[in-house]
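First to last, the sequence lines map onto chains A and B.
For my numbering, add 14 to where a residue sits in the first sequence, where the first one is 1.
For my numbering, add 14 to where a residue sits in the second sequence, where the first one is 1.
Built from N, CA and C at the ideal position, the CB exists for glycine as well.
As the structure is a prediction and not an experimental result, all values here were calculated from the model.
First up is the structure itself, then whatever we jot down about it.
2 protein chains.
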Amino acid sequence: MLEETLAKGLVGTLPRRMRAKLAEIAGDTVEIGSRQSLAQEGDAQTESILLLDGLMGRYMGPRERRQMVAIQVPGDFVDLHALPLDKLDHEVESLGPVRIARFPHDALRAAMAGDYPFAEALWKLTLIDAGLHRYWSYRLGRFRALAGMANFFAEMDHRLGRAGLRTEEGFALPLTHADLSDICGISQVHVSRVLKDLREAGLCALQGGRLTIHDRAGLYRMGEVSGAGLEELLD
Amino acid sequence: MLEETLAKGLVGTLPRRMRAKLAEIAGDTVEIGSRQSLAQEGDAQTESILLLDGLMGRYMGPRERRQMVAIQVPGDFVDLHALPLDKLDHEVESLGPVRIARFPHDALRAAMAGDYPFAEALWKLTLIDAGLHRYWSYRLGRFRALAGMANFFAEMDHRLGRAGLRTEEGFALPLTHADLSDICGISQVHVSRVLKDLREAGLCALQGGRLTIHDRAGLYRMGEVSGAGLEELLD
DNA sequence: CGGAGCGTTGAGCAACGTCAAAAGACGTGG
DNA sequence: CCACGTCTTTTGACGTTGCTCAACGCTCCG
Numbered sequence: 015m016l017e018e019t020l021a022k023g024l025v026g027t028l029p030r031r032m033r034a035k036l037a038e039i040a041g042d043t044v045e046i047g048s049r050q051s052l053a054q055e056g057d058a059q060t061e062s063i064l065l066l067d068g069l070m071g072r073y074m075g076p077r078e079r080r081q082m083v084a085i086q087v088p089g090d091f092v093d094l095h096a097l098p099l100d101k102l103d104h105e106v107e108s109l110g111p112v113r114i115a116r117f118p119h120d121a122l123r124a125a126m127a128g129d130y131p132f133a134e135a136l137w138k139l140t141l142i143d144a145g146l147h148r149y150w151s152y153r154l155g156r157f158r159a160l161a162g163m164a165n166f167f168a169e170m171d172h173r174l175g176r177a178g179l180r181t182e183e184g185f186a187l188p189l190t191h192a193d194l195s196d197i198c199g200i201s202q203v204h205v206s207r208v209l210k211d212l213r214e215a216g217l218c219a220l221q222g223g224r225l226t227i228h229d230r231a232g233l234y235r236m237g238e239v240s241g242a243g244l245e246e247l248l249d
Numbered sequence: 015m016l017e018e019t020l021a022k023g024l025v026g027t028l029p030r031r032m033r034a035k036l037a038e039i040a041g042d043t044v045e046i047g048s049r050q051s052l053a054q055e056g057d058a059q060t061e062s063i064l065l066l067d068g069l070m071g072r073y074m075g076p077r078e079r080r081q082m083v084a085i086q087v088p089g090d091f092v093d094l095h096a097l098p099l100d101k102l103d104h105e106v107e108s109l110g111p112v113r114i115a116r117f118p119h120d121a122l123r124a125a126m127a128g129d130y131p132f133a134e135a136l137w138k139l140t141l142i143d144a145g146l147h148r149y150w151s152y153r154l155g156r157f158r159a160l161a162g163m164a165n166f167f168a169e170m171d172h173r174l175g176r177a178g179l180r181t182e183e184g185f186a187l188p189l190t191h192a193d194l195s196d197i198c199g200i201s202q203v204h205v206s207r208v209l210k211d212l213r214e215a216g217l218c219a220l221q222g223g224r225l226t227i228h229d230r231a232g233l234y235r236m237g238e239v240s241g242a243g244l245e246e247l248l249d
């Protein structure tokens, strides 16, 4: 049943034999409640986590003015970078109830030591993550609130689509305005205004933990998603 | 003479035997003029570059509104992530005359295949880069122009210090207002105003390609550099 | 001496933050 | 079932930040 889940999302892009190898290494599968902190800044790590269900956020900065620096969707490793780094420089929190699988660093290292292509494949997963960080820097540095929010929704549309979690009409997105504030680097009040603009422009609406997309092309246009490099990175 | 340069900056944190290994792999050393583009988005890469002298910037977005997503100082690999990714999702440009050393991917792969600790060490270098991306996302998302600029100057102070390129009074920083605009995600005009504020606050001054620091503690305070994780990441 | 690039300054405006108030959503315990 | 507290969302008013446009000075170089 883990093999099944491994076929989806980013880990699903790995060759079959590597997914099998991962399935062997996998420790236990755990369910975790909403808004639980999995790691604090500075924590030493001895295992990494693969997200099977739900969303998780990674944060920097003081709680009252924190910035989300990455969001993970099912099929993503949440903190594989903690393996070479052996500590985390940011916090990790579940954005709702999640299901995860643990991968002990010992076992991963042992497998990689004798199989360079496997090591490079895992390395690549962490670099796709880094590519998303760059994409976020670009969004945070150069996008206005409205375009930035649309851009983020388009990113989610794309990434959740790859994980098989999207329909034509939209997808589950259990985020509060406070979450979107952390993601887009704007105030909660302004999040409310921007969502209203997107709604009234007939592009999309966020209600009941779900993003309903009314005009996907328009949303992507508003988010200035073009040759910006998201598809290239993830495909 | 390459061994000597390898002792400084980020690559200098590698164990001696790994630096020796790198020195063996190194291709030719090249000098490149100011404002030369080394790679375009989408380019396939067969070698990676170690920066020996000068500064380089990495950019996303259209030229007229581009965002710098990373800056490299001597001792940094500029595009080691292109090895597992085998293409670049952003542009790389020299910010002044630079000197670089080339490392063919073939040779790096061959060395890593038989030496897992070496592979993990290079992996770790790319993850420190990713950590800096996260730091930039935090700055771009949650810092005002003044604090953000101070934060960036503090980062340069710290990183150039590790590379041995800083004195008590300041360091060479051959950046134009347009560069700082790309770095901080603000307009060129506003860069001018912010620099004036920093100058008149007695913190630092940028003249003649050099940042003169008049009050380092005050600059760090203005940039809200504290337990934000930069030291932890780089040490 | 003329241009090109860079830096500075001011004026007006749009975007966004902060403060405050109030209404809705939701679960908990009585 | 209702009453209650808490969290979330919405809206208005007002102040601040930063952008755009425009003009002008500076420096460097041909």
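Legend entry - Paired residues, beta bridge with G184 of chain B - DSSP: B:T181, B:T226
Inset, instruction - For the beta strand (DSSP E) holding D67 of chain B, just list the boundary residues, first then last. - result: 61–67
Legend entry - One or two residues paired with Y73 of chain B in a DSSP bridge: B:M82, B:E105
Inset, instruction - Return no unless some Cβ of chain B is closer than 7 Å to the Cβ of D103 of chain A. - result: yes
Inset, instruction - Check the Cβ of K138 of chain A against every Cβ in chain B and list those closer than 8 Å, keeping chain order. - result: P98, L99
Legend entry - Terminal residues of the beta strand (DSSP E) in which P98 of chain A lies: Unbroken run through P98 of chain A is the alpha helix (DSSP H), 96–99; no beta strand (DSSP E).
Legend entry - Beta-carbon contacts of G75 of chain B that lie in its chain and below 7 Å, excluding the five residues immediately before and after: Q81
Inset, instruction - Could you pull out every residue in the same chain whose Cβ sits closer than 6 Å to the Cβ of A121 of chain B, ignoring the five residues on either side in sequence? - result: Cβ neighbours of A121 of chain B beyond the five flanking positions: I39.
Inset, instruction - State the Cα-Cα distance for the pair R33 of chain A and T27 of chain A, rounded to the nearest angstrom. - result: 9 Å
Inset, instruction - Return yes when the Cβ of R180 of chain A is within less than 7 Å of the Cβ of L187 of chain A, no when it is not. - result: no
Inset, instruction - Could you tell me if P98 of chain B is buried or exposed, where buried requires 16 or more neighbouring beta carbons within 10 angstroms of its beta carbon? - result: buried
Legend entry - Enclosing beta strand (DSSP E) for I200 of chain B [first to last residue]: Premise fails: I200 of chain B is in no beta strand (DSSP E) and is neither H nor E.
Legend entry - 4-residue-minimum alpha helix (DSSP H) runs that sit fully inside the region 110–143 of chain B, ordered along the chain: 119–127
Inset, instruction - Have a look at I85 of chain B and G199 of chain B and give me their C-alpha separation to the nearest angstrom. - result: 14 Å
Legend entry - T190 of chain B, DSSP secondary structure in three states: coil
Legend entry - Cβ-Cβ distance between L225 of chain A and G178 of chain A below 7 Å: Going by C-beta atoms, L225 of chain A is not nearer than 7 Å to G178 of chain A.
Legend entry - For R30 of chain A and D143 of chain B, the rounded distance between their alpha carbons: Distance between the alpha carbons of D143 of chain B and R30 of chain A: 30 Å.
Inset, instruction - Select from A:L139, A:E55, A:N165, A:D171 the residue whose C-alpha is nearest the C-alpha of M236 of chain A. - result: A:N165
Legend entry - Nearest residue (CA-CA) to L217 of chain A, options A:S62, A:A161, A:L20, A:S240: A:A161
Legend entry - C-beta contact flag for G110 of chain A and S48 of chain A at 7 Å: Yes, they are a contact pair.
Inset, instruction - Compute the beta-carbon to beta-carbon distance between S12 of chain A and L94 of chain A, rounded to the nearest angstrom, for a pair I have assumed lies under 8 Å. - result: Nothing about residue 12 of chain A can be reported from this structure: the residues present for chain A run from 15 to 249 only.
Inset, instruction - Return the Cβ separation of V92 of chain B and M126 of chain B in integer angstroms, given the expectation that the two are a contact with Cβ distance under 8 Å. - result: The beta-carbon distance between V92 of chain B and M126 of chain B, rounded to whole angstroms, is 18 Å. This is too long to meet the 8 Å contact definition.
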